[in-house]
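Read through the structure below, which is laid out as structure tokens, and then see the notes.
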Amino acid sequence: MERCPRAGSGSLTEIAGAVGLTRLALHDAFREHCGMTPQQYLRLVRLDGVRADLLAAPLAGVTIDEVALRWGFAHNRAFLLWYRERFGEWPAQTLRR
Numbered sequence: 001m002e003r004c005p006r007a008g009s010g011s012l013t014e015i016a017g018a019v020g021l022t023r024l025a026l027h028d029a030f031r032e033h034c035g036m037t038p039q040q041y042l043r044l045v046r047l048d049g050v051r052a053d054l055l056a057a058p059l060a061g062v063t064i065d066e067v068a069l070r071w072g073f074a075h076n077r078a079f080l081l082w083y084r085e086r087f088g089e090w091p092a093q094t095l096r097r
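Under the UniProt record's numbering, think of the first position of the sequence shown as 1, with each following residue one higher.
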């Protein structure tokens, strides 16, 4: 699943099919072994990608919206709250580092 974290890179149904499972079987196995759903895991991978891109970004010319969209997030309240929960700071704080 880490090979397809960006938006549009494969649905859970496609991922399940690629490993020979139904979507429900993938969901159940993932929850049992990882303690979270595949969707939650992919969100964490994508949030990590956003953070890495923000930390690597030059201060001028890069917006949080662009980076978030690149990783499949609309720049909305949910994205901001997920980001803050994961990293303890807002995306704008990361970008200013």
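By construction, the Cβ of each residue, glycine as well, lies at the ideal position given by its N, Cα and C atoms.
Start and end residues, alpha helix (DSSP H) containing residue i
i	result
TRP82	77 to 87
PHE30	23 to 34
residue 121	Outside the displayed range of the chain (1 to 97) lies residue 121, so it cannot be described from this structure.
THR13	12 to 18
THR94	91 to 95
VAL62	Careful: VAL62 lies outside any alpha helix (DSSP H) and carries neither H nor E.
Within 8 Å, strictly: CB atoms of residue i and residue j
i	j	result
VAL50	TYR83	yes
LEU55	THR13	no
LEU80	PRO91	yes
ASP53	VAL67	yes
Cut-off 8 Å between Cβ atoms - residues of its own chain near residue i, not counting five sequence neighbours on either side
i	result
PRO38	MET1, LEU12, ILE15, LEU26, HIS27, PHE30
ARG43	TRP82
Sequence-distant residues of the same chain with beta carbon closer than 6 Å to residue i, five excluded per side
i	result
ARG86	LEU47
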